[in-house]
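Engineer: Position 217, counted from 1, in the sequence shown is what this note's numbering calls 202; the numbers after and before it change by one each time, with no gaps.
This structure is in structure tokens; I'll ask about it shortly.
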Amino acid sequence: NQDSLDKAIAIRQKQLAEFNAEEKDLLQSISALKSAITVLSKHHSAGALVQMSRSNVLTIAASLGHALQRHASMLQGVLTPSELRAAAAFVQAPEDYFDATPTFRQSYAPQSGEIFGILRQMLETFESNLSAAQKEELANQKAYEELKAAKQDEIKAGQDQVDTKTGELATTDENNAQAKVDVEDTKASLSADEQFLMMLKEKCAMTDKEWEERQKTRQLEMEAVSQALAVLSGDDAHDLFTRTFNPSFLQIEGSDRREAAAKVLSTVADKVHNPRLATLAYQVKLDAFTRVKKAIDDMIAQLLKEKDDEIKHKDFCTDEFHTNQLQTEQKDREEQD
């Protein structure tokens, strides 16, 4: 559109220059013809009794010759061949058309009358062409202004579109850059989650194995404590432990209940490498029954608490494993998208 506008401007400038030159020539020719016609009009109105000065005759001839030469193409078809020959003859020998001694009243009047008619006809033609050229110039100027306005609107619309696309491109580039950053962040987060998941799997796998071992150990410890309590307290201790653990009691006979109970505890302590049971076995041998019974009760409470803590820890590990696995799968899908 800018190229089209530049071409239109160049064409318009050329048109305007040609019109100005043509208008200037026509105005000069019209002015000269009007002056010549005025002089001849005065000569004819005096009844050919007034002698025309030589300078006036030469001026008229010069004006006519210039107009004929300058606007020859414009006069084609306007003047007849005989009129063209008469005009050319006048231009070449203007003084022959006007006698210097009017007393003889030669035949210049018909000749000058013919020149006068030719001048008027040329004047009308020039004025008509000047009017047409001016109207055409106005039309050209209007068309140019309309074309210029249309092209400027198109250029503005195109520039607005370019600005819009440039803004959209900048936004797209920014979004793309942010998306790349998000992808890198997601990859980093995914990598961290995967590492945590691996660690969690190892930990949970170890926890499962340890859980089974601890359950076996805890069962042995409970059985040992229950047996020791049964030996020491007889039926009362048996009822208390039944309400708490509901285990199967081994019937241990013998007169020395303390020794038997201590033996049960020390045997299990050695098997599971539990120093607490070993200490309790030692206390059973030496301490009073009340203190021994309290120690056994404390051991039972501690074992129950440890059991609850282990269950909570196992549940936490399982929940974390499933949660992390779900998050990792979701980030895998986001990265693929």
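For each residue, glycine too, the CB sits at the ideal point set by N, CA and C.
In its own chain, which residues sit with a C-beta less than 7 angstroms from the C-beta of PHE234, not counting the 5 before and 5 after it?
Structural biologist: Because the pLDDT at PHE234 is just 38, under 50, the model does not fix this residue reliably, and the point stays unresolved.
Engineer: From ASP148 to ALA162, what does the alpha carbon distance come to, in whole angstroms?
Structural biologist: 21 angstroms
Engineer: Measuring CB to CB, does LEU115 end up less than 7 angstroms from LEU11?
Structural biologist: yes
Engineer: Where does SER38 sit, in a helix, a strand or coil, going by DSSP?
Structural biologist: coil
Engineer: For GLN61, name the three-state secondary structure that DSSP assigns.
Structural biologist: coil
Engineer: By how many angstroms is the C-alpha of ARG243 removed from the C-alpha of ASP221?
Structural biologist: With a pLDDT of 48 at ASP221, under the threshold of 50, the modelled position of this residue cannot be trusted; read the value that follows with caution. Straight-line Cα distance between these residues: approximately 16 angstroms.
Engineer: Given a cut-off of 7 angstroms, decide if ALA17 and LEU104 are closer than it, judged by their beta-carbon atoms.
Structural biologist: no
Engineer: Would you grab the beta carbon distance between VAL42 and GLU80 for me? Rounded to a whole angstrom, and I think it's under 8 angstroms.
Structural biologist: 6 angstroms
Engineer: The alpha helix (DSSP H) that contains PRO66, what's its start and end?
Structural biologist: 66 to 77
Engineer: Skipping 5 residues on each side, what residues in its chain have a beta carbon closer than 6 angstroms to that of LEU(-10)?
Structural biologist: Closer than 6 angstroms at Cβ, skipping near neighbours: LYS136.
Engineer: Report the three-state DSSP secondary structure of HIS56 (helix, strand or coil).
Structural biologist: coil
Engineer: Classify ASP304: buried if its beta carbon has 16 or more other beta carbons within 10 angstroms, exposed otherwise.
Structural biologist: exposed
Engineer: Reducing DSSP to helix, strand and coil, say where ASN125 ends up.
Structural biologist: helix
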